[in-house]
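Undergrad: Input: one structure, supplied below.
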Amino acid sequence: MGQRIPVTLGNIAPLSLRPFQPGRIALVCEGGGQRGIFTAGVLDEFMRAQFNPFDLYLGTSAGAQNLSAYICNQPGYARKVIMRYTTKREFFDP
Numbered sequence: 051m052g053q054r055i056p057v058t059l060g061n062i063a064p065l066s067l068r069p070f071q072p073g074r075i076a077l078v079c080e081g082g083g084q085r086g087i088f089t090a091g092v093l094d095e096f097m098r099a100q101f102n103p104f105d106l107y108l109g110t111s112a113g114a115q116n117l118s119a120y121i122c123n124q125p126g127y128a129r130k131v132i133m134r135y136t137t138k139r140e141f142f143d144p
């Protein structure tokens, strides 16, 4: 169980902000079908700049697909998949 933190009107110290301490950094990518193309572009730029300070990767739906391209260092792949498959009629009406 979690730790109980006693807070009263006379003692709000437990609610005060703690100084920042570096820790794990997560990259979280949302889903959203075709809206994932924005995230794909951001991750392509991260790859171009060799920017990867992340310790943890979390994604749902299109975000997971975008992250797979990022983790495998495949610039442009996520964008191609989104453009190729989500623009076809069968994608919306199988």
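Here this note's numbering is used: the first residue of the sequence shown is 51, the next is one more, and so on. Beta carbons are placed, not taken as given, at the ideal position from N, Cα and C, and that holds for glycine.
(1) Considering just the uninterrupted stretch of the alpha helix (DSSP H) at alanine 90, what are its terminal residues?
(2) Go through its chain and collect everything with a Cβ distance to alanine 119's Cβ below 6 Å, but skip five positions before and after it.
(3) Just to confirm, are glycine 82 and threonine 136 a CB contact at a threshold of 8 Å?
(4) I need the boundaries of the alpha helix (DSSP H) containing glycine 109, first residue and last residue.
(5) What span of residues does the beta strand (DSSP E) with cysteine 79 cover, start to end?
TA: Let me lay it out:
(1) Run containing alanine 90: 86-98, per the alpha helix (DSSP H) assignment.
(2) Tyr127, Ala128
(3) no
(4) It is not in any alpha helix (DSSP H) - glycine 109 instead sits in the beta strand (DSSP E) that spans 106-109.
(5) 76-79
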